[in-house]
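Only one structure is covered here, and it is reproduced in the block below.
There are 2 protein chains.
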Amino acid sequence: MKYIESVKNNQVKQWKKLHKKKEREKSGTFIIEGFHLIEEALKVNDLVEIIIISEDRSIPKHWEFNEIELIYAVPSVLKEISETETPQGVTAICRIPKNNQQTINQHHKLLMLDQVQDPGNVGTMIRTADAAGMDMVILGEGCADLYSSKVIRSTQGSIFHLPILRGELSDYIKLCKLQNIPVYGTALTNGVVYHEMKPSSSFALILGNEGSGMSENHLVQTDKNLFIPIHGKSESLNVGVAAGILMYYLRG
Amino acid sequence: MKYIESVKNNQVKQWKKLHKKKEREKSGTFIIEGFHLIEEALKVNDLVEIIIISEDRSIPKHWEFNEIELIYAVPSVLKEISETETPQGVTAICRIPKNNQQTINQHHKLLMLDQVQDPGNVGTMIRTADAAGMDMVILGEGCADLYSSKVIRSTQGSIFHLPILRGELSDYIKLCKLQNIPVYGTALTNGVVYHEMKPSSSFALILGNEGSGMSENHLVQTDKNLFIPIHGKSESLNVGVAAGILMYYLRG
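Just so you know, the protein sequences line up as chains E and B, in that order.
Quick note: the first sequence, position 227, residue 227 per the working numbering, numbers continuous.
Quick note: the second sequence, position 149, residue 149 per the working numbering, numbers continuous.
Here it is, written out as structure tokens:
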């Protein structure tokens, strides 16, 4: 059993670097923290590579981890590689899944994000997509990095529950159209009130940037662009809230 | 025209203290930041007391402020009293409105929050309540402080758009019942699926704490407790997202 007793250990330095996107891409790994998230990650095949646990904590008995390296460390090591103020004393290193082209079929419900920049919003929308029974999430160009700790924390584990792809939204919009899946964009103006649509078992819904909304070149690719009426004096809804209202409405 | 050139000025020290709840309550004032928020605050009578602006910024021409003190200061003063990383160079001191008992009438739609602790969630729900055309928001015991900068920022100005009261939820639930307003709680279990309800022009909706939900003693006071079905593998929705789905559904 490996045991690390210093924050100056080279592996510790390497793990700490995984809080930066560049290092995650270079190494093909990301870091997650806390018992709940790791438990969810362990349910996915070949995802978790290493578990690092503080010597004053213990691994839950029901965790199964063949072929996963288990490392004990002094509490200061866990604190060193944590990004939270109150570390739970357990961290895991996971492999970034390959961005495989998933098959999109005519029964699918997809959520697509177009330049959503706030990590909390991206994470919350993945969590809501999971809850709403969406089949896939696609992060387009300019979205917050899926493997940043803030996104992962905000998903509350949903990052491990459904396929999340990264790529060009235009390509995925075209794939949806080939499958006769209606593609709904969102817009503040020049749109259709969302509740004029009929809920259906398959659709693709696109949400845009917090400040500027969806990009013009995607807005023209959709079948319809929806908006949520503002009845009071606020200018807009939080994008994560808007996504929730629309997904739950459209799925029926 | 007053001009402040040092961060050691006593007034500056006093303003900085307004980031703490205790000082806000003691002084009966709170601090807001940025052009957009101040513009919204200026639309409310007798709210803004002082505007402090960096000497390298200028007051928008359309702002009207009789009886509001205007103070110029060096940029470092604005930075000193700011809680954001990129201060906009303009700040205002506002009076905390009296928590007047508002009349609740039978046509009202109310949002009540029960121990919602995260300031971002409280602020987002106020913003959504505004957008959904709710008539009033009531913050019960144990909620994040309405006048913290994080709550105010998250409301995006909606804090100035509708009455927001603080008090005992039980009292307000009773007032609603006197007016025949149906009171809907929210629960993860033992509830009614929300879309079994009929949308209506008046209702009170209660959302609870992020981790533990609504308190038991309020759950038994409601007419019905609603839940949002989880179709995927996530355990729950973000409380702000849940509030949005329910308010937009119930208002019809």
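All C-beta atoms, glycine included, are put in the ideal place defined by N, C-alpha and C.
Note that the structure is a prediction, hence the values are computed from the model and not measured.
For residue i and residue j, what's the separation of their Cα atoms in angstroms?
{"i": "residue 41(B)", "j": "residue 57(B)", "result": "19 Å"}
{"i": "residue 70(B)", "j": "residue 171(E)", "result": "54 Å"}
{"i": "residue 8(B)", "j": "residue 215(B)", "result": "45 Å"}
{"i": "residue 77(B)", "j": "residue 10(B)", "result": "11 Å"}
{"i": "residue 161(B)", "j": "residue 100(B)", "result": "16 Å"}
{"i": "residue 139(E)", "j": "residue 119(E)", "result": "12 Å"}
{"i": "residue 91(E)", "j": "residue 31(E)", "result": "7 Å"}
{"i": "residue 211(B)", "j": "residue 243(E)", "result": "22 Å"}
{"i": "residue 74(E)", "j": "residue 16(E)", "result": "15 Å"}
{"i": "residue 131(B)", "j": "residue 137(E)", "result": "27 Å"}
{"i": "residue 205(B)", "j": "residue 206(E)", "result": "29 Å"}
{"i": "residue 232(E)", "j": "residue 135(B)", "result": "9 Å"}
{"i": "residue 144(B)", "j": "residue 193(E)", "result": "33 Å"}
{"i": "residue 80(E)", "j": "residue 24(B)", "result": "36 Å"}
{"i": "residue 128(B)", "j": "residue 12(E)", "result": "43 Å"}
{"i": "residue 107(E)", "j": "residue 174(E)", "result": "16 Å"}
{"i": "residue 155(B)", "j": "residue 117(B)", "result": "15 Å"}
{"i": "residue 96(B)", "j": "residue 36(B)", "result": "19 Å"}
{"i": "residue 191(B)", "j": "residue 239(E)", "result": "28 Å"}
{"i": "residue 55(B)", "j": "residue 61(B)", "result": "16 Å"}
{"i": "residue 121(E)", "j": "residue 123(B)", "result": "14 Å"}
{"i": "residue 151(B)", "j": "residue 68(E)", "result": "42 Å"}
{"i": "residue 158(B)", "j": "residue 176(E)", "result": "37 Å"}
{"i": "residue 249(B)", "j": "residue 199(B)", "result": "7 Å"}
{"i": "residue 163(B)", "j": "residue 44(B)", "result": "11 Å"}
{"i": "residue 180(E)", "j": "residue 208(E)", "result": "22 Å"}
{"i": "residue 168(B)", "j": "residue 142(E)", "result": "44 Å"}
{"i": "residue 48(B)", "j": "residue 105(B)", "result": "29 Å"}
{"i": "residue 19(B)", "j": "residue 125(B)", "result": "21 Å"}
Starting from residue i, follow its DSSP beta bridges and name the residues at the other end.
{"i": "residue 183(E)", "result": "204(E)"}
{"i": "residue 91(E)", "result": "33(E) and 52(E)"}
{"i": "residue 166(B)", "result": "139(B)"}
{"i": "residue 209(E)", "result": "213(E)"}
Which of helix, strand or coil does DSSP assign to residue i?
{"i": "residue 80(B)", "result": "helix"}
{"i": "residue 57(E)", "result": "coil"}
{"i": "residue 44(E)", "result": "coil"}
{"i": "residue 193(E)", "result": "strand"}
{"i": "residue 310(E)", "result": "Since the first residue shown for chain E is 1 and the last is 252, residue 310(E) is missing from the structure and cannot be characterised."}
{"i": "residue 21(B)", "result": "helix"}
{"i": "residue 71(E)", "result": "strand"}
{"i": "residue 4(E)", "result": "strand"}
{"i": "residue 224(B)", "result": "strand"}
{"i": "residue 9(E)", "result": "coil"}
{"i": "residue 231(B)", "result": "coil"}
{"i": "residue 246(B)", "result": "helix"}
{"i": "residue 237(E)", "result": "coil"}
{"i": "residue 177(B)", "result": "helix"}
{"i": "residue 16(B)", "result": "helix"}
{"i": "residue 39(B)", "result": "helix"}
{"i": "residue 188(E)", "result": "coil"}
{"i": "residue 98(E)", "result": "coil"}
{"i": "residue 198(B)", "result": "coil"}
Applying the 10 Å Cβ sphere with the 16-neighbour rule, what's the burial state of residue i?
{"i": "residue 218(B)", "result": "buried"}
{"i": "residue 3(B)", "result": "exposed"}
{"i": "residue 84(B)", "result": "exposed"}
{"i": "residue 1(E)", "result": "exposed"}
{"i": "residue 220(B)", "result": "exposed"}
{"i": "residue 246(B)", "result": "buried"}
{"i": "residue 46(B)", "result": "exposed"}
{"i": "residue 66(B)", "result": "exposed"}
{"i": "residue 5(E)", "result": "exposed"}
{"i": "residue 109(B)", "result": "buried"}
{"i": "residue 201(B)", "result": "exposed"}
{"i": "residue 34(B)", "result": "buried"}
{"i": "residue 103(E)", "result": "exposed"}
{"i": "residue 115(B)", "result": "buried"}
{"i": "residue 237(B)", "result": "buried"}
{"i": "residue 189(E)", "result": "exposed"}
{"i": "residue 178(E)", "result": "exposed"}
{"i": "residue 28(B)", "result": "exposed"}
{"i": "residue 225(E)", "result": "buried"}
Does residue i have its Cβ less than 7 Å from a Cβ in chain D?
{"i": "residue 204(E)", "result": "The structure shown has no chain D; the protein chains it does contain are E and B."}
Indicate, with yes or no, if the ligand SAH has a heavy atom lying under 6 Å from the CB of residue i.
{"i": "residue 145(E)", "result": "The model depicted lacks the ligand SAH and carries no ligand whatsoever."}
Alpha helix (DSSP H) runs contained entirely in the stretch 100-164 of chain E, provided each spans 4 or more residues: 119-131 and 149-155, all fully within the stretch 100-164 of chain E.
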